[in-house]
Amino acid sequence: MPTAHLNHSHIHYAFDETAGADKPVLVLSNSLGTSMAMWEPQRPLFSHYRVLRYDTRGHGASSGEPGPYTMAQLGQDVIALMDHLGIAKAHFCGLSMGGMVGIHLAIHAADRFDKLVLANTNAHTASPQFWQARITILRSEGGIANIADGVMARFFSPEFTLLHPDTVARFKADMLATSLAGYTACCAAIRDMDFRASLPNIAHPVLVIVGNKDQAAPPEHGQFLANQVQSGAVLALDAAHISNVEAADAFSQAVQRFLG
């Protein structure tokens, strides 16, 4: 898969155009501690859209320059990648941190996007102290391995973990392979995020997907987001935080229905 040198970083991406040149582009943005591989369950969407996946800087095979990063920086990477590929306009689907990037883009690059799916995400950080503490712990107490099991317990429900241990193991391996510098730099971007004042300016059609077992981004946070934008709707899935995996078919079908 190719890599583009953008904004002083190397961004690893995959652009699948097998659906045909007349199909719209769908950009998929990954969550903290994962890679573009998290979107494999959405392969059925690839026959309907030209799908652009990428590893957020500091994740997967993208480079992890020292931080802190900002949501603006992560959003600029998306625009630079679209420019690099000659994509004028696209739909956007992001989960967790990817959804936060989507909110930034809807506010600051509105003309580049049509519809947005914002899944298992928040419009502001209720506890910056939590994220600062996580950064401190990661740097001083054993790195990502020290928190990986706890994160997996929030990523997936106990029921899913029991039935699909191999999937959970793959996500844990992906997290452990994430650059410590990149992970903590993205934690800082989440720590400093607050889009609440700008949400009423978002005029795009927005589908907010929540998981009814999600502890990291509880359903009421998604409801708040949908209520604040001009044209928002909420869909609740029977899933924890990584709803596109735990409720893969329902997630993909909802995205396809919403985008058309």
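Position one of the sequence shown corresponds to residue 0 (numbering that gives the first Met the number 0), numbered consecutively onward. For glycine and all other residues, C-beta sits at the position ideal for the given N, C-alpha and C.
query: For residue 113 and residue 147, the rounded distance between their alpha carbons; result: 35 angstroms
query: Boundaries (first-last residue) of the alpha helix (DSSP H) holding residue 210; result: No alpha helix (DSSP H) contains residue 210, which is instead part of the beta strand (DSSP E) from 204-210.
query: Any beta strand (DSSP E) of 3 or more consecutive residues that is wholly inside the region 60-134; result: 89-94, 112-118
query: Which residues DSSP lists as bridging residue 15, in chain order; result: 50
query: Distance, residue 253 Cα to residue 222 Cα; result: 17 angstroms
query: Helix, strand or coil at residue 213 [DSSP, three-state]; result: coil
query: Residue span of the beta strand (DSSP E) that contains residue 177, given as start and end; result: Per DSSP, residue 177 belongs to no beta strand (DSSP E) and is neither H nor E.
query: Nearest residue (CA-CA) to residue 41, options 25, 31, 56, 54; result: 25
query: Integer-rounded CB distance, given that residue 154 should sit under 8 angstroms from residue 86; result: Contact flag wrong, Cβ pair sits at about 30 angstroms.
query: Bridge-paired residues (DSSP) for residue 265; result: There is no way to answer for residue 265, as the model of the chain reaches only from 0 to 259.
query: Alpha-carbon spacing of residue 178 relative to residue 188, whole angstroms; result: 15 angstroms
query: Buried/exposed call for residue 81, threshold 16 Cβ in 10 Å; result: buried
query: Beta carbon of residue 13 nearer than 8 angstroms to that of residue 37; result: no
query: Other residues of its chain near residue 98: CB distance less than 6 angstroms, five sequence neighbours each side excluded; result: 117, 118, 120
query: The beta strand (DSSP E) enclosing residue 232, as first and last residue numbers; result: 230-236
query: Enclosing beta strand (DSSP E) for residue 28 [first to last residue]; result: 24-28
query: Cβ-Cβ distance between residue 224 and residue 198 below 8 angstroms; result: yes
query: Exposed unless 16 or more other CB atoms sit within 10 angstroms - verdict on residue 170; result: buried
query: Whole-angstrom C-beta distance between residue 141 and residue 63, which should lie under 8 angstroms; result: Residue 63 to residue 141, Cβ: 18 angstroms. No contact.
query: CB contact flag (residue 175, residue 208, <8 angstroms); result: no
query: Residue from 231, 257, 230, 216 with nearest C-alpha to residue 238; result: 216
query: Run of the alpha helix (DSSP H) containing residue 255, from where it starts to where it stops; result: 247-258
query: Pair within 8 angstroms by beta-carbon distance, residue 32 and residue 184; result: no
query: Residue nearest to residue 54 in terms of C-alpha spacing, selected from 67, 77, 69; result: 77
query: C-beta atoms of residue 30 and residue 100 nearer than 8 angstroms; result: no
query: Collapsed DSSP secondary structure at residue 148 in the structure displayed; result: helix
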